[in-house]
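S.K.: Residue numbers (the working numbering), protein chains in the order written: chain A, 1 to 338; chain B, 1 to 269.
Structure below; questions to follow.
Okay, structure coming up:
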């Protein structure tokens, strides 16, 4: 992996250059929160952001999009006119989230809609400093070693820029003269000091050792009933989770027309209809069963299947759930805390 | 296949839902060409009352004349669709539903006037009078959802309304959660499909699409109580649009002895 240096004052110049490859998105302040938005004006970019309301998954699987249009007996996939996009400011935990989405959407049953958006989206990572809701160090997702095209590590007056893919290399070459290819011993020193300092900033540390065992032992715990009573089943946790991939499919038809479109919409296992099948049978009728499923998926099933949790410690559930059902509170209760 | 016979009627309400249909300007010709529209007072002349496949009813039932109309309509109509929150749940005018104060309120406004032409009573939803096959709530209804379901009905498919909470689309729009900003938002207990119109303008949800598939009213109450709202304020907000449906949900909810205790506690708080 190649590493370069970029002086901070050149960042906006470089992002401007990237517009020749695709639309440039980045974190923008919106009232008290941040969102990834089109940087039509580069001054809107705010690199102090911690977490955006929706994760970068919205670029790879939009909340609602058309998969194909149909007319009479033919159909046309909506894959041809997708724009190239650069998403700048993706934190390491979110890059891990994308790697998890890749497993889901690209491995066993490759999804062409995801694959095409993924191919056309350049992921430009950015280092971060945690707040009291981040626990990426506990999930071992506080550094990203792959899954990005470029990764920017903020070291005061310059960025160390990791090149993570051949696309990343192409993007650097769009304006190589902005970068400094010579990394000095002092730069390495500075980076190592930064790492040690940053890692010490995690205030929220969860011990997630052997979570599958703990989940299994708690399968019949009265905790789930308690959480089921409290859960609003609003589904906000799954919408904001960087690793939740579930969706529903509907066919939009129009009156008096033999044409229409097939759409995909983000769905959530927190909703009652999610496990409803023909004949009116529902596999998870009760909220308690649904809350349990979500946590079993994140903290047990995914580990058993892929060797790591489907939680990347971004803290969005902590930041989002109005009734404080989140990985922090649930893990603590599962382990017998309050 | 011959075209289905379709009728649109208005009972007591602002007719905003029928107007929302007429506002679907790009699809207006399709709406009328796709079916044989036998009655739509707001949109066409030469309306006739006959046997029909589909009837869309907008507005709530507030007079004996409307009751009689519905009782005559039902046998000559294959499928009845309640259109908008008034028809589905009683609407704003049903907010005092089940309190038994109609006569007192009527007298306060009109004095001791006897009923002459029609007899009025507390507003009620269409299904309080005749069986309703499908519900398309909203105040007003969402034009896209109407077109989608109208097309489905004409293909003799059942109505497909989102029953998941407003929070789903609210998150899609990347709105900050108004509950977390301590506002009295009914998003989690209200059915979506509205594209989260109010929260997207920084206004808390007031429940106009009626209850979500699984409205956890107890948890919503507890949460709002923690935020400093009292029982009466929350109930008033729920009654505003949810009228009959929410209040009936309450009754179910508060039936068990444990829930009764909880209700007493909530009131005390």
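For each residue, glycine too, the CB sits at the ideal point set by N, CA and C.
Computed from a predicted model, the values in this text were never measured in an experiment.
#1: If residue 16 of chain B and residue 140 of chain B are in contact, beta carbons under 8 angstroms, what's the gap, nearest whole angstrom?
#2: Name the chain B residues that come within less than 7 angstroms of residue 183 of chain A, Cβ to Cβ?
#3: Check the Cβ-Cβ distances between residue 97 of chain B and every residue of chain A, and say whether any is below 8 angstroms.
#4: Quick one: measure Cβ to Cβ for residue 128 of chain A and residue 91 of chain A, integer angstroms, because I've assumed they're closer than 8 angstroms.
#5: For residue 198 of chain B, collect the residues of the same chain with a Cβ closer than 6 angstroms to its Cβ; drop the 5 residues on either side in sequence, then sort them by chain order.
#6: Please report the residue range of the alpha helix (DSSP H) in which residue 286 of chain A lies.
#7: If you follow the beta strand (DSSP E) that residue 70 of chain A is part of, which residue opens it and which one closes it?
#8: Compare the Cα-Cα distances from residue 299 of chain A to each of A:105, A:30, A:206, A:40 and report the closest residue.
#9: Take residue 87 of chain A as the anchor and find which of A:8, A:42, A:185 has the nearest alpha-carbon.
#10: Among A:225, A:51, A:296, which residue has its Cα nearest to the Cα of residue 240 of chain A?
#11: Under 8 angstroms between C-beta atoms, does residue 205 of chain A make it to chain B?
#12: Using a Cβ cut-off of 8 angstroms (strictly closer), state whether residue 164 of chain B contacts chain A.
#13: Within 8 angstroms (strictly less), CB to CB, does residue 128 of chain A reach chain B?
#14: Just to check my reading of the structure: residue 67 of chain A and residue 262 of chain A have Cβ atoms closer than 8 angstroms, yes? What is that Cβ distance to the nearest angstrom?
#15: From what residue to what residue does the beta strand (DSSP E) around residue 77 of chain A run?
#16: Where do the ends of the beta strand (DSSP E) carrying residue 106 of chain B lie?
#17: Would you be able to state if there are at least three C-beta pairs under 8 angstroms between the region 11–28 of chain B and the region 124–144 of chain B?
#18: State yes or no: is the C-beta of residue 134 of chain A nearer than 7 angstroms to some heavy atom of the ligand ZN?
#19: Using a C-beta to C-beta distance shorter than 7 angstroms, which residues of chain B count as neighbours of residue 63 of chain A?
#20: Who are residue 260 of chain A's beta bridge partners in DSSP?
#21: So does the region 205–223 of chain A actually touch the region 164–180 of chain A, counting three or more Cβ pairs closer than 8 angstroms?
#22: Just confirm the distance between the C-beta atoms of residue 347 of chain A and residue 290 of chain A, as a whole number of angstroms; I'd bet it's less than 8 angstroms.
#23: Taking the alpha-carbon positions, what's the residue 222 of chain B to residue 216 of chain B distance?
#24: Taking only beta-carbon atoms, is residue 18 of chain B less than 8 angstroms away from chain A?
#25: Hey, is residue 320 of chain A's beta-carbon within less than 8 angstroms of any beta-carbon in chain C?
#26: Starting from the N-terminal side, write out each stretch of the beta strand (DSSP E) that is 3 residues or longer and does not extend beyond the region 156–204 of chain A.
#27: Is the beta carbon of residue 242 of chain B closer than 8 angstroms to that of residue 187 of chain B?
#28: When DSSP labels each residue in this structure, what does residue 269 of chain B get in the three-state scheme?
#29: What is the C-beta distance between residue 133 of chain A and residue 318 of chain A, in whole angstroms, given that I count them as a contact (C-beta under 8 angstroms)?
#30: Identify the contact partners of residue 55 of chain B in chain A, using a Cβ-Cβ distance below 8 angstroms as the criterion.
#31: If I'm right that residue 157 of chain A touches residue 7 of chain A with Cβ under 8 angstroms, what's the distance once you round it to whole angstroms?
#32: At 8 angstroms on the CB atoms, spell out the chain A contacts of residue 150 of chain B, in chain order.
#33: Could you give the C-beta distance for residue 149 of chain A and residue 123 of chain A, rounded to a whole number, given that I count them as a contact under 8 angstroms?
M.R.: In this structure, then:
#1: Start at 1 with the first residue of the second chain, and residue 16 of chain B comes out as number 16. Start at 1 with the first residue of the second chain, and residue 140 of chain B comes out as number 140. Right, their Cβ atoms sit about 4 angstroms apart.
#2: In the first chain, residue 183 of chain A corresponds to position 183, counting from 1. Within 7 angstroms Cβ-Cβ: nothing; residue 183 of chain A doesn't reach chain B, min ~38 angstroms.
#3: For the purposes of this step, residue 97 of chain B is taken as the residue at position 97 of the second chain. Cβ-Cβ to chain A under 8 angstroms: no for residue 97 of chain B.
#4: For this step, residue 128 of chain A is matched to residue 128 along the first chain. For this step, residue 91 of chain A is matched to residue 91 along the first chain. Confirmed, Cβ separation roughly 5 angstroms.
#5: By one-based count along the second chain, residue 198 of chain B stands at place 198. The residues are 205.
#6: Walking along the first chain from the start, residue 286 of chain A turns up at place 286. From DSSP, residue 286 of chain A is part of no alpha helix (DSSP H); its letter is neither H nor E.
#7: Residue 70 of chain A sits at position 70 when you count from the first residue of the first chain. 64–71 is the extent of the beta strand (DSSP E) around residue 70 of chain A.
#8: Counting from 1 along the first chain, the entry for residue 299 of chain A is found at position 299. Measuring from the Cα of residue 299 of chain A, the nearest candidate turns out to be A:206.
#9: Taking the first residue of the first chain as 1, we reach residue 87 of chain A at position 87. That would be A:42, whose Cα lies nearest to the Cα of residue 87 of chain A.
#10: Along the first chain, read from residue 1 onward, the residue named residue 240 of chain A stands at position 240. When only C-alpha atoms are compared, the closest one is A:51.
#11: Position 205 of the first chain holds residue 205 of chain A. No, because no Cβ of chain B sits closer than 8 angstroms to the Cβ of residue 205 of chain A.
#12: The residue you call residue 164 of chain B lines up with position 164 of the second chain. Interface residue, yes.
#13: Sequence index remark: in the first chain, residue 128 of chain A carries index 128 (1-based). It does not: the Cβ of residue 128 of chain A has no partner Cβ on chain B nearer than 8 angstroms.
#14: As a position in the first chain, residue 67 of chain A is number 67, starting the count at 1. As a position in the first chain, residue 262 of chain A is number 262, starting the count at 1. Indeed they touch by this definition, with Cβ atoms about 5 angstroms apart.
#15: Here residue 77 of chain A corresponds to residue number 77 of the first chain, with the count starting at 1. 74–77 is the span of the beta strand (DSSP E), which, as asked, contains residue 77 of chain A.
#16: Along the second chain, read from residue 1 onward, the residue named residue 106 of chain B stands at position 106. Unbroken run through residue 106 of chain B is the alpha helix (DSSP H), 102–110; no beta strand (DSSP E).
#17: yes
#18: Ligands are entirely absent from the displayed structure, and the ligand ZN is therefore not among its contents.
#19: Here residue 63 of chain A corresponds to residue number 63 of the first chain, with the count starting at 1. Within 7 angstroms Cβ-Cβ: 172.
#20: One-based indexing of the first chain puts residue 260 of chain A at position 260. Residue 260 of chain A pairs with A:70, A:253.
#21: no
#22: Absent from the model: residue 347 of chain A. The displayed extent of chain A is 1 to 338, so no value can be given.
#23: For the purposes of this step, residue 222 of chain B is taken as residue 222 along the second chain, with counting starting at 1. For the purposes of this step, residue 216 of chain B is taken as residue 216 along the second chain, with counting starting at 1. Whole-angstrom Cα-Cα distance: 10 angstroms.
#24: Within the second chain, residue 18 of chain B is the residue found at index 18, counting from 1. Residue 18 of chain B does not count as touching chain A.
#25: The chain labelled as chain C is not found among the protein chains of the depicted structure, namely A and B.
#26: 158–163
#27: Stepping through the second chain from its first residue, residue 187 of chain B is reached at position 187. Stepping through the second chain from its first residue, residue 242 of chain B is reached at position 242. No, the Cβ-Cβ distance between residue 187 of chain B and residue 242 of chain B is not below 8 angstroms.
#28: Position 269 of the second chain, counting from 1, holds the residue named residue 269 of chain B. Residue placement at residue 269 of chain B cannot be trusted, given a pLDDT of 44 that sits under 50; the coordinates are not used to answer.
#29: Here residue 133 of chain A is taken as the residue at index 133 of the first chain, counted from 1. Here residue 318 of chain A is taken as the residue at index 318 of the first chain, counted from 1. 4 angstroms between Cβ atoms; contact.
#30: Against the second chain, residue 55 of chain B aligns to sequence position 55. Here the premise fails: no neighbours, minimum Cβ distance about 16 angstroms.
#31: As a working note, residue 157 of chain A is residue 157 in the first chain. As a working note, residue 7 of chain A is residue 7 in the first chain. Rounded, the Cβ-Cβ distance is 7 angstroms, consistent with contact.
#32: Position 150 of the second chain, counting from 1, holds the residue named residue 150 of chain B. Simply 255.
#33: As a first step, residue 149 of chain A must be located in the first chain, where it is residue number 149. As a first step, residue 123 of chain A must be located in the first chain, where it is residue number 123. With 8 angstroms as the limit, residue 149 of chain A and residue 123 of chain A qualify as a contact, their Cβ atoms being about 5 angstroms apart.
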